[in-house]
Ligand code: CTP
Ligand code: MG
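Numbering (the working numbering), first residue to last: 415 to 654.
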């Protein structure tokens with residue numbers, strides 16, 4: 415019984431706008447993907463890592479992650495796909511029968527702390543087949559009609575009760591067989607409808623299976639823009 419973590423790092427980082435993929439951008443002197451891998455390894459509950467990388471960057475990603483002295487678990491690197499969902503599927507293809515639990519984590523969340531990794535794995539091992547960390551939402555959220563924008567004005571369809579909303583993060587944790595079923599179905603939907611999921615629990619929900627939320631962490635914030643990188647730099651300084 416082992417836990418495999420798929421660390422997605424195959425994105426290009428368009429919104430960050432650097433001349434290298436986001437996962438290789440430095441935060442406090444180390445690439446985002448290294449920070450994320452270190453914290454997965456430090457959790458003590460991850461047995462091996464599969465890192466998805468951009469085309470042609472296998473060697474570069476393997477060098478920085480596998481050779482980091484703090485990443486003391488086996489590391490494999492696989493080329494990702496054109497969507498996050500396809501990248502996760504490429505990583506999942508390397509899971510073995512002994513990997514009963516699979517985590518999916520974004521290199522774009524470099525500071526997700528080891529205790530969060532443990533919290534997610536514990537919930538999966540406690541019998542919850544699909545587990546995501548989530549935080550309460552501070553803003554009131556409106557749902558608008560798709561493509562309803564006219565001159566920058568959109569029609570509101572619904573205002574869900576904020577108390578029951580959660581903004582979800584990674585790592586997300588799964589029973590491997592359930593995640594494999596969810597991705598198989600997700601792949602056929604992506605082909606048929608051109609829809610790719612931005613989150614793996616969503617694929618499980620689409621199967622009609624239950625997904626569960628555990629408490630998230632502010633420090634698991636996602637790096638999308640330069641400003642996020644500045645916030646992460648402050649958090650990293652607070653950590654030490
Ligand atoms: N990802 C991936 N394969 C893709 C796209 C994204 O493995 N084809 C990964 C990214 O590397 C990232 C995570 O999925 O760790 C979340 O994606 P996102 O934050 O959107 O990162 P990017 O796609 O790199 O950024 P952008 O959308 O701004 O280009
Ligand atoms: Mg993206």
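For each residue, glycine too, the CB sits at the ideal point set by N, CA and C.
Given that a residue counts as buried once 16 or more other Cβ atoms are within 10 Å of its Cβ, and exposed if not, what is residue i?
i           : result
residue 492 : buried
residue 602 : exposed
residue 571 : exposed
residue 443 : exposed
residue 425 : buried
residue 613 : buried
residue 429 : exposed
residue 465 : buried
residue 608 : exposed
residue 534 : buried
residue 550 : exposed
residue 566 : exposed
residue 558 : exposed
Just to confirm my understanding: we take residue i, look at its own chain, exclude 5 residues before and 5 after, and list those with CB closer than 6 Å. What are they?
i           : result
residue 562 : 568, 569
residue 593 : 516
residue 615 : 544, 546, 586, 625
residue 418 : 462, 509, 513, 516
residue 432 : 439
If I measure Cβ to Cβ from residue i and keep anything under 7 Å in the same chain, skipping five residues before and after, which residues do I get?
i           : result
residue 445 : 437, 438, 439, 478
residue 605 : none
Would the beta-carbon of residue i fall within 8 Å of that of residue j?
i           : j           : result
residue 499 : residue 547 : no
residue 513 : residue 422 : no
residue 618 : residue 598 : no
residue 538 : residue 589 : yes
residue 518 : residue 482 : no
residue 476 : residue 489 : yes
residue 523 : residue 457 : no
residue 441 : residue 647 : yes
residue 504 : residue 495 : yes
residue 487 : residue 420 : no
residue 525 : residue 649 : yes
I'd like the span of the beta strand (DSSP E) that includes residue i, first residue to last.
i           : result
residue 647 : Residue 647 -> not in any beta strand (DSSP E); alpha helix (DSSP H) instead, spanning 640–653.
residue 418 : 416–422
residue 567 : Neither: residue 567 is in no beta strand (DSSP E) and is coded neither H nor E.
residue 355 : With the chain covering 415 to 654 only, the question about residue 355 has no answer from this structure.
residue 628 : 626–629
Excluding sequence positions up to five away, which residues of its chain have a Cβ less than 8 Å from the Cβ of residue i?
i           : result
residue 555 : 573, 574, 576, 579
residue 527 : 453, 631, 633, 634
Note the first and the last residue of the continuous alpha helix (DSSP H) segment covering residue i.
i           : result
residue 466 : Premise fails: residue 466 lies in the beta strand (DSSP E), 462–467, not in any alpha helix (DSSP H).
residue 456 : 446–456
residue 600 : 590–607
residue 618 : 614–620
Practice problem: Any chance you could list the alpha helix (DSSP H) runs of at least 4 consecutive residues sitting entirely within the region 476–556, in chain order? | Solution: 498–506, 528–539
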